[in-house]
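Here my numbering is used: the first residue of the sequence shown is 22, the next is one more, and so on. Positions of the beta carbon are idealized from the N, C-alpha and C atoms, including for glycine.
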Amino acid sequence: MASAETPRVTSRYLDAFTSKNVRIVGTVTKLMGTDAHIDSEGQVRILLGPDSHLTMGHAVEVIGKVNHDLSIKAFRTTDFGDRFDMGAHLKLVEASHVVKELFYTPV
Numbered sequence: 022m023a024s025a026e027t028p029r030v031t032s033r034y035l036d037a038f039t040s041k042n043v044r045i046v047g048t049v050t051k052l053m054g055t056d057a058h059i060d061s062e063g064q065v066r067i068l069l070g071p072d073s074h075l076t077m078g079h080a081v082e083v084i085g086k087v088n089h090d091l092s093i094k095a096f097r098t099t100d101f102g103d104r105f106d107m108g109a110h111l112k113l114v115e116a117s118h119v120v121k122e123l124f125y126t127p128v
């Protein structure tokens, strides 16, 4: 059975999760057809699906698979708007990697 875990990450954690499913939150900085870039402690390229609808400047959560080039193939996106507290979210991400056992099975 495939794991349904989606550890929370930012750009600095992507290399540890190649070929794994993750969830990442960032601010949309570029939209180009089926590609987007988000800022999540660094730029991350997102390969969008046909159901993805992003807005420039909004925070977005992406659930997807990390590719070998550290881009993410999006399975699902959720718009968090333009008032999302990224600072609080970054603290959650950090905590989830300090106490991994509470959040996901360490890789």
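ask   = Tell me which same chain residues have a C-beta within less than 7 Å of the C-beta of V49, skipping the five on either side of it?
value = A57, I59, L75, T76, M77, G78, H79 and V81
task = Taking 8 Å as the threshold, find out whether the region 90 to 104 comes into contact with the region 116 to 125 through three or more Cβ pairs.
result = no
key: Sequence-distant residues of its chain with Cβ nearer than 6 Å to Y125 (five each side left out)   = E26 and P28
query = When we look at the beta-carbon of L123 and count the other beta-carbons within 10 Å, is it buried (16 or more) or exposed?
reply = exposed
task = Note down the Cα distance separating V65 from S32, rounded to an integer number of angstroms.
result = 6 Å
request  = Check G54 in the structure and name its three-state DSSP category.
outcome  = coil
query = Taking the alpha helix (DSSP H) that L35 falls in, what are its first and last residues?
reply = Taken as a continuous stretch (DSSP letters only), L35 belongs to no alpha helix (DSSP H), as it is neither H nor E.
request  = Note the first and the last residue of the continuous alpha helix (DSSP H) segment covering K112.
outcome  = M107 to V119
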